[in-house]
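Enquirer: In my numbering, the protein residues as written are 24 to 185.
Glycine included, C-beta positions come from ideal geometry on N, C-alpha and C.
Fair warning: this is a prediction, and the values are worked out from it, not measured in the lab.
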């Protein structure tokens, strides 16, 4: 981004992607709320969707660092210190928040058939694996007998994305 003209403030509106390594020169202040949107599986709708959650302590600390890198450390938090102390320290790992269907599909397409025994760094709940297998069989992506890819499953497994 170019430098702002004299007497003009640069305003950047960002999502939680701003917690990564993004740095924009000339942004002396950070303002953030206690809400964050994260991808999560909605059991009622049986689909993934963005849902609002309370920000976590680690999110707040990461965001503070965005202003600190190139100028003064001025952050305006739209929540109280009492609220901050009640936040969870870390986010729930994504593998425990989202539908496991696409991961199971990719694993089976790579001939990693027994996902229950796969050595995940952060293992998902076994119920999530079982639910994903059931949904994939219900949608005729996997065979009900041996949980191998059907012809439709083979096509879906080659598609890019999650």
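1. Let's see if you can read the secondary structure: which residues bound the beta strand (DSSP E) around residue 53?
2. If I follow the unbroken beta strand (DSSP E) through residue 158, where does it start and stop?
3. Can you name, in chain order, every residue of its own chain whose Cβ lies under 8 Å from the Cβ of residue 83, other than the five neighbours on each side?
4. Could you check the C-alpha separation between residue 85 and residue 67 for me, to the nearest Å?
5. Checking 9 Å against the spacing of the C-beta atoms, do residue 62 and residue 117 come in under that value?
6. Using the DSSP secondary-structure output, state which residues sit across from residue 64 in a beta bridge.
7. Any Cβ of chain D within less than 9 Å of the Cβ of residue 81?
8. Could you pull the start and end residues of the alpha helix (DSSP H) that residue 178 belongs to?
9. Excluding five sequence neighbours on each side, which residues of the same chain lie with their C-beta closer than 7 Å to the C-beta of residue 175?
10. Give the straight-line distance between the Cα atoms of residue 141 and residue 97, rounded to the nearest whole angstrom.
11. Roughly how many angstroms lie between the CA atoms of residue 33 and residue 133, to the nearest whole one?
12. Going by DSSP in three states, residue 84 sits in which element: helix, strand or coil?
13. Among the candidates 81, 79, 80 and 60, whose CA atom is the shortest distance from the CA of residue 7?
14. Count the other CB atoms within 10 Å of the CB of residue 182; is the residue buried (16 or more) or exposed (fewer)?
Expert: Taking the definition as stated:
1. 52-55
2. In the DSSP assignment, residue 158 falls outside any beta strand (DSSP E) and lies within the alpha helix (DSSP H) extending over 149-161.
3. Result list for residue 83: 55, 100, 107 and 110, in chain order.
4. If I take the Cα positions, the gap works out to 32 Å.
5. yes
6. 71
7. Included in the structure is just one protein chain, with no chain D present.
8. 174-181
9. 163 and 164
10. 45 Å
11. 47 Å
12. helix
13. Any question about residue 7 goes unanswered here, given that the chain covers just 24 to 185.
14. exposed
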